[in-house]
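Quick note on this note's numbering: the sequence shown kicks off at 181 and runs consecutively.
Even for Gly, the Cβ is constructed at its ideal location relative to N, Cα and C.
Being a predicted model, the structure only gives us computed values, none of them experimental.
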Amino acid sequence: MSYDIRQQWLPKSKYPLKAPYAMTPKYVTIHNTWNDAPAKNEANFMLSNPKETGFHVAVDDVEVVELIPFNRNAWHAGDGLEGKGNRESIGIEICYSKSGGKRYEEAEANAIEYTAHVLVQLGLPPSAVKYHQEWSGKNCPHRILDEKRGAAFKRAIAERYEELKNPKPIVPQVVKPPASAVKIGSLITKQDVPAYARPEWGTQTGQVVRKGQTRHVYAVKNGWYQLFSGEWLPSQSGANFDYVPVKKSEPPRAEPPDVKPSLKRVIVDGKQVGAFSQQDSVLRGVSEALDGKAKNIRIEDV
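What follows is the structure, encoded as structure tokens:
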């Protein structure tokens, strides 16, 4: 699943015909094109024909073509001049729906991904996703509805939306020293020191070597010291630990596991808003929840 996004905007000279009203979008409406043309063909036909009907976006297996800005309406929902579908929703056409198959499946997957991003971008909930049928009764998106996948399609958008809104932290992969590596020294920490997957900032693993602990060292690179676990600690010019090199090399041996920081989860009205290792961060999360008139606040150990 991948796609390019490109813009092929409706000329402003055609706004009176196809996009006459300013719009603040409140919904996203899903359509099937009911033919086997790619997005570029759908786009060219919509932009060039003299009819009022139109749509904001066409999606196929390789690209998303944006045609009418989201702050202009389009006549795509069939619910009349003042209908919410026509006046308050973004129309998205999924291509290749007539014959289905692999191209259509990939177009549908791209539409799910793109729609979830649009919801996040506009601050709309997953419940804002509608089908053309919901506005006018037309059997559209026909393939999704005929295959009895209406609920599943919306659920897929909602799940991707949640992933985008609440991304899981990515823990960098740690590479242990080879079995042939030998200990070149030891360090004793002066304070709690977070561990890193690589000798570079931004690769924290979540592990912390506590103050006063001793660790053997198997490599040194630009002020970073590699442990038997494979993780690296920054010296920061000696502020984090004292290092003592060995005179005689010895093979690596197992050490006690590094200690993970204690985390507290803050749950507000049934939804997690964060997990924090610092007490002041926990209190700040609770304070913000109280300011937001939260009804139920819980703090749990992670």
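Could you check how far apart the C-beta atoms of residue i and residue j are, in whole angstroms? I think they sit under 8 Å.
i: residue 255; j: residue 233; result: 5 Å
i: residue 257; j: residue 274; result: Their Cβ separation, rounded to whole angstroms, is 15 Å, which puts residue 257 and residue 274 out of contact at 8 Å.
i: residue 362; j: residue 410; result: Not quite, the Cβ-Cβ distance comes to about 15 Å (not below 8 Å), so this is no contact.
i: residue 308; j: residue 299; result: 6 Å
i: residue 483; j: residue 375; result: The requested residue 483 is not part of the displayed model; the chain covers only 181 to 482.
i: residue 364; j: residue 426; result: 6 Å
i: residue 199; j: residue 266; result: That belief does not hold up - the Cβ atoms of residue 199 and residue 266 are roughly 11 Å apart, past 8 Å.
i: residue 465; j: residue 446; result: 4 Å
Whose CA, out of the options, lies closest to the CA of residue i?
i: residue 418; options: 387, 368 and 475; result: 368
i: residue 260; options: 302, 317 and 372; result: 317
i: residue 204; options: 218, 302, 358 and 296; result: 302
i: residue 272; options: 226, 263, 391 and 376; result: 226
i: residue 359; options: 298, 445, 408 and 450; result: 408
i: residue 392; options: 381, 275, 366 and 398; result: 366
i: residue 336; options: 312, 296, 327 and 373; result: 296
i: residue 210; options: 467, 237 and 341; result: 237
i: residue 387; options: 372, 379, 339 and 394; result: 372
With 16 as the cutoff for other CB atoms within 10 Å, does residue i come out buried or exposed?
i: residue 479; result: exposed
i: residue 412; result: buried
i: residue 331; result: exposed
i: residue 175; result: In the structure as shown, the chain begins at 181 and stops at 482. Residue 175 is therefore absent and cannot be evaluated.
i: residue 281; result: exposed
i: residue 193; result: exposed
i: residue 406; result: buried
Quick one: does the C-beta of residue i sit closer than 7 Å to a heavy atom of the ligand HEM?
i: residue 475; result: Among the components of this structure there are no ligands whatsoever, and the ligand HEM is therefore not found.
Is the beta carbon of residue j closer than 8 Å to that of residue i?
i: residue 244; j: residue 292; result: no
i: residue 190; j: residue 270; result: no
i: residue 201; j: residue 310; result: no
i: residue 212; j: residue 350; result: no
Report yes or no: is there a C-beta of chain B within less than 8 Å of the C-beta of residue i?
i: residue 256; result: The chain labelled as chain B is not found in the depicted structure, where only one protein chain is given.
Notebook entry, point to check: What are the complete beta strand (DSSP E) segments, minimum 3 residues, inside the region 370–408?
Noted result: 373–376, 384–389, 394–401 and 404–407
Note to self: Going residue by residue through the region 285–351, where are the continuous alpha helix (DSSP H) segments of at least 4 residues, counting only ones entirely within it?
What the structure shows: 312–316, 322–326 and 330–345
Item checked: Inside the region 220–273 only - beta strand (DSSP E) runs reaching at least 3 residues -> 237–239 and 243–246
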